[in-house]
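S.K.: My questions all concern the structure below.
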Ligand SMILES: Cc1cc2nc3c(=O)[nH]c(=O)nc-3n(C[C@H](O)[C@H](O)[C@H](O)COP(=O)(O)OP(=O)(O)OC[C@H]3O[C@@H](n4cnc5c(N)ncnc54)[C@H](O)[C@@H]3O)c2cc1C
Ligand SMILES: *[C@@H]1O[C@H](CO)[C@@H](O)[C@H](O)[C@H]1NC(C)=O
Ligand SMILES: *[C@@H]1O[C@H](CO)[C@@H](O)[C@H](O)[C@H]1NC(C)=O
Ligand SMILES: *[C@@H]1O[C@H](CO)[C@@H](O)[C@H](O)[C@H]1NC(C)=O
Ligand SMILES: *[C@@H]1O[C@H](CO)[C@@H](O)[C@H](O)[C@H]1NC(C)=O
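Numbering (mature numbering (1 follows the signal peptide of the UniProt record, and there is no 0)), first residue to last: -23 to -1, 1 to 474.
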């Protein structure tokens, strides 16, 4: 008996100690987010929304190298008027972005750069192979018939392939809707591949859009013309891009598209403002070192910050951040989209036409290296002699070319966007968790498809991933894990590369 209790007592004490230590929550962590676009702003929002009480989060810092928040959501001012310079259209089924807009009491503007009344032309470098009618007729009954006439025109050319395209996009959208299911039934994903497989979208990333569409029974004429026009406009790429991003870009050509009045960037501004964030503008993070129990972030301002959790809310592909220890991710190229805004007037002769009114409001182009731009869209008609246009191209447009395309040019603004990933099938995904500790990468999901909504969807999952890992892998154990973890990180580097 005596002997037994002398064994039991230390055990009981030890149990008591264990229960005490597990009952007291780990010290709250500071979360550092690099990037103030929709991904970073959404992460801050969802971390606050989902955080339990007592909160495992001490504070949230967001670092932004620019002087303004929003990233690829930005506006441009031309001729005293404001237009979206980057992300411009929102699909009616983009539920997170839609909820942000309501939550922040922002106004919606229906119709995008090119609404239903606008005409579309498909330019092959010599002529318009397809041209729809514009419904700006003075006769109201004509305006009613024009969409119908246009549908008939397109149906005449592409036939039932158009319906097959619609159903291909619908299937993708229905799968994507699974990411809005209640968080009770929806898992937390620690890998992009698992997240895509769960919704049934993974296979679309393994083949090119062209392969998928041929599989879905689309005619090659539709693929080479209309589909190509759309992928060139929305992602600056051809139908060789991976199928999921391709399907997302086709969805972005449907009806009911909208934007936030005054600029989509206000969503990021509002979410950051309402999430109790310490915002550091004009501060670029240059190095990230893991120092046992925390990360040390050094910035271009010469400042140093400590955080227990850090998240990248930006593509890492073109950044030059020093990591210690190093991290690895599959190589990914970004597609640059040169966005050129022009206030002036198109030159109809460039298109072999006599008057400007004959030039379609949206000029899309086929996949031909001799065509120097992806599209030209009328943003606003100020008068018969003056309009504002937006052009997308894969290379910068020089003055000599613009002088051929335009007869007058009062103002020209050029923006070079590192716009979105260059999609190739099969797609290789970077990990959501970049190391063995608490370094996260929201934009790993951008290899599936790039959009404001996909950024928010990835950030929502990331917030749940961070909170669940903080509750199961609290910080105090970090320093003891350090040595062995460095070893396993080495293994990780090798397997991933
Ligand atoms: C021309 C164009 C048109 C588009 N059209 C649409 C559209 O119509 N609809 C749609 O949904 N999507 C569209 N997109 C895609 C959309 O813009 C992006 O998918 C989305 O905005 C990405 O948001 P993000 O927060 O992940 O990244 P970003 O918006 O790029 O934010 C990352 C931020 O991190 C900052 N940063 C980077 N490195 C550092 C560092 N080291 N330190 C501090 N800060 C750093 C950057 O300055 C940037 O502000 C378009 C994109 C472009 C370029
Ligand atoms: C959007 O908000 C509505 C109303 O609050 C809610 O029912 C819905 O679940 C939200 N959607 C998402 C994706 O969070
Ligand atoms: C994806 O492809 C795999 C292998 O080709 C197949 O077994 C699986 O059923 C496909 N999944 C879906 C959702 O289509
Ligand atoms: C920030 O939020 C506060 C309320 O929390 C609001 O009064 C203020 O207008 C917001 N500012 C911006 C710039 O959104
Ligand atoms: C970051 O800054 C701190 C403090 O100035 C310095 O000690 C450290 O060496 C810097 N780290 C890197 C990787 O430059």
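Just so you know, even glycine gets a beta-carbon here, dropped at the ideal spot from N, CA and C. Here the structure is a predicted model, which means the values were calculated and not measured.
Report, in whole angstroms, the separation of the C-beta atoms of residue 315 and residue 376, which I expect to be a contact under 8 Å.
M.R.: The sequence position of residue 315 within the chain shown is 338, counting from 1. The sequence position of residue 376 within the chain shown is 399, counting from 1. Contact doesn't hold; Cβ gap of about 14 Å is too wide.
S.K.: Under 7 Å from any heavy atom of ligand 1, does the C-beta of residue 259 make it?
M.R.: Within the chain shown, the letter at position 282 stands for residue 259. No, the beta carbon of residue 259 sits no closer than 7 Å to any heavy atom of ligand 1.
S.K.: Is residue 412 near ligand 5, judged by its Cβ being under 7 Å from some heavy atom?
M.R.: Sequence index remark: in the chain shown, residue 412 carries index 435 (1-based). No, Cβ of residue 412 sits at least 7 Å from all heavy atoms of ligand 5.
S.K.: Given that a residue counts as buried once 16 or more other Cβ atoms are within 10 Å of its Cβ, and exposed if not, what is residue 129?
M.R.: Counted from its first residue, the chain shown places residue 129 at position 152. Residue 129 comes out exposed.
S.K.: Comparing C-alpha positions only, which one of 6, 38, 321 sits nearest to residue 256?
M.R.: Taking the first residue of the chain shown as 1, we reach residue 256 at position 279. That would be 38, whose Cα lies nearest to the Cα of residue 256.
S.K.: Return yes when at least one heavy atom of ligand 7 lies under 7 Å from the C-beta of residue 354, else no.
M.R.: For ligand 7, the structure offers nothing, since it holds only ligand 1, ligand 2, ligand 3, ligand 4 and ligand 5.
S.K.: Just to confirm, are residue 426 and residue 406 a CB contact at a threshold of 8 Å?
M.R.: The residue given as residue 426 occupies position 449 in the chain shown. The residue given as residue 406 occupies position 429 in the chain shown. No, the Cβ-Cβ distance between residue 426 and residue 406 is not below 8 Å.
S.K.: Between the stretch 192 to 201 and the stretch 427 to 438, can you find at least three pairs of beta-carbon atoms closer than 8 Å?
M.R.: No, the stretch 427 to 438 does not touch the stretch 192 to 201.
S.K.: List the endpoints of the continuous beta strand (DSSP E) containing residue 100.
M.R.: Here residue 100 is taken as the residue at index 123 of the chain shown, counted from 1. Looking at the DSSP string, the run of the beta strand (DSSP E) that includes residue 100 is 97 to 100.
S.K.: Could you tell me the distance, in whole angstroms, from the CA atom of residue 198 to the CA atom of residue 99?
M.R.: Locating residue 198 in the chain shown gives position 221, counting from the first residue. Locating residue 99 in the chain shown gives position 122, counting from the first residue. Answer to the nearest angstrom: the Cα atoms are 12 Å apart.
S.K.: Across which residues does DSSP place residue 419 in a beta bridge pair?
M.R.: Taking the chain shown and counting its residues from 1, the one referred to as residue 419 is at position 442. DSSP, once it has assigned bridges, lists no residue as partnering residue 419.
S.K.: Would you mind sorting residue 30 into buried or exposed? The rule is 16 or more other CB atoms within 10 Å of its CB.
M.R.: Counted from its first residue, the chain shown places residue 30 at position 53. Flag for residue 30 reads exposed.
S.K.: Whose C-beta lies closer than 7 Å to the C-beta of residue 78 among residues of the same chain, with five residues either side of it excluded?
M.R.: Residue numbering aside, residue 78 sits at position 101 when the chain shown is read from its first letter. Correct list, in chain order: 85, 237, 244.
S.K.: When the Cα atoms are used, what is the spatial distance from residue 249 to residue 214?
M.R.: Position 272 of the chain shown, counted from the first residue, corresponds to residue 249. Position 237 of the chain shown, counted from the first residue, corresponds to residue 214. Taking the straight line joining both Cα atoms gives about 32 Å.
S.K.: Taking the straight line between their C-alpha atoms, what separation do you get for residue 156 and residue 176?
M.R.: As a working mapping, residue 156 is identified with position 179 in the chain shown. As a working mapping, residue 176 is identified with position 199 in the chain shown. Using only the alpha carbons, I get a separation of about 8 Å.
S.K.: With DSSP as the reference, label residue 46 as helix, strand or coil.
M.R.: Position 69 of the chain shown, counting from 1, holds the residue named residue 46. Residue 46: coil per DSSP, three-state reduction.
S.K.: Starting from residue 148, follow the alpha helix (DSSP H) in both directions and report where the run begins and ends.
M.R.: Translated into positions along the chain shown, residue 148 becomes position 171. 138 to 153 is the span of the alpha helix (DSSP H), which, as asked, contains residue 148.
S.K.: Quick one: using the 10 Å Cβ neighbour count with 16 as the cut-off for buried, is residue 453 buried or exposed?
M.R.: Locating residue 453 in the chain shown gives position 476, counting from the first residue. The pLDDT assigned to residue 453 is 40, lower than 50, so where the model puts this residue is not dependable, and the model offers no usable value.
S.K.: Is the closest heavy atom of ligand 1 to the C-beta of residue 371 under 7 Å?
M.R.: Start at 1 with the first residue of the chain shown, and residue 371 comes out as number 394. No, since every heavy atom of ligand 1 falls outside the 7 Å radius drawn around the Cβ of residue 371.
S.K.: Give a yes or no on whether the minimum CB-CB distance between residue 261 and chain C is below 8 Å.
M.R.: Among the chains of the structure shown, chain C does not appear; only one protein chain is present.
S.K.: Looking at the structure shown, is residue 250 part of a helix, part of a strand, or coil, going by DSSP?
M.R.: Working through the chain shown from its first residue, we reach residue 250 at position 273. In the structure shown, residue 250 sits in a helix (DSSP, three-state: H, G or I).
S.K.: For residue 318, which option in 161, 25, 386, 138 has the closest C-alpha, if you only look at C-alpha atoms?
M.R.: Translated into positions along the chain shown, residue 318 becomes position 341. With distances taken between Cα atoms, residue 318 lies closest to 386.
S.K.: When the Cα atoms are used, what is the spatial distance from residue 234 to residue 94?
M.R.: Position 257 of the chain shown holds residue 234. Position 117 of the chain shown holds residue 94. Each residue's alpha carbon lies about 14 Å from the other.
S.K.: I'd like to know if the stretch 291 to 310 and the stretch 55 to 64 are in contact, where contact means that at least 3 CB-CB pairs between them fall below 8 Å.
M.R.: As far as the Cβ criterion goes, the stretch 291 to 310 does not touch the stretch 55 to 64, which means the pair count is below three.
S.K.: Just verifying my parser: in three-state terms, what is the DSSP assignment at residue 399?
M.R.: For this step, residue 399 is matched to residue 422 along the chain shown. Here residue 399 sits in coil by DSSP.
S.K.: State the start and end residues of the unbroken alpha helix (DSSP H) segment that holds residue 445.
M.R.: If you number the chain shown from 1, residue 445 lands on position 468. Residue 445 -> alpha helix (DSSP H) spans 429 to 449.
S.K.: Does the separation of the CB atoms of residue 438 and residue 53 fall below 8 Å?
M.R.: Residue mapping note: residue 438 aligns to position 461 of the chain shown, counting from 1. Residue mapping note: residue 53 aligns to position 76 of the chain shown, counting from 1. Cβ atoms of residue 438 and residue 53: not closer than 8 Å.
S.K.: Please indicate yes or no: does the CB of residue 27 lie closer than 7 Å to some heavy atom of ligand 2?
M.R.: Sequence index remark: in the chain shown, residue 27 carries index 50 (1-based). No; taking the cut-off as 7 Å, the Cβ of residue 27 has no heavy atom of ligand 2 nearer than that.
S.K.: Enumerate in chain order the residues of its own chain whose CB-to-CB distance from residue 180 is below 6 Å, with the five nearest sequence positions on each side excluded.
M.R.: Counted from its first residue, the chain shown places residue 180 at position 203. Result list for residue 180: empty, nothing under 6 Å.
S.K.: Under 8 Å: do the stretch 34 to 51 and the stretch 7 to 16 share three or more Cβ pairs, one atom per stretch?
M.R.: With a cut-off of 8 Å, the stretch 7 to 16 and the stretch 34 to 51 count as touching, because enough Cβ pairs lie within range.
S.K.: Taking 7 Å as the cut-off, is the C-beta of residue 162 nearer than that to any heavy atom in ligand 5?
M.R.: For the purposes of this step, residue 162 is taken as residue 185 along the chain shown, with counting starting at 1. No, since every heavy atom of ligand 5 falls outside the 7 Å radius drawn around the Cβ of residue 162.
S.K.: For a test of the three-state rule: what should DSSP assign to residue 282, helix, strand or coil?
M.R.: Your numbering for residue 282 matches position 305 in the chain shown. Note: residue 282 maps to strand in three-state DSSP.
S.K.: Residue 211 and residue 64: beta carbons closer than 8 Å?
M.R.: Looking up residue 211 in the chain shown gives position 234. Looking up residue 64 in the chain shown gives position 87. No, Cβ-Cβ distance for residue 211 and residue 64 is not below 8 Å.
S.K.: Going by alpha carbons, who is nearest to residue 391 out of 73, 324, 313?
M.R.: By 1-based counting over the chain shown, the position of residue 391 is 414. Selected option, being the one with the closest Cα: 313.
S.K.: Let me check you understand the geometry: is the CB of residue 265 closer than 7 Å to at least one non-hydrogen atom of ligand 1?
M.R.: Within the chain shown, the letter at position 288 stands for residue 265. Incorrect: residue 265 has no Cβ contact closer than 7 Å to ligand 1.
S.K.: Specify whether the stretch 104 to 112 and the stretch 337 to 347 touch according to this definition: at least 3 beta carbon pairs, one from each stretch, less than 8 Å apart.
M.R.: The answer is yes - the stretch 337 to 347 touches the stretch 104 to 112, with three or more Cβ pairs under 8 Å.
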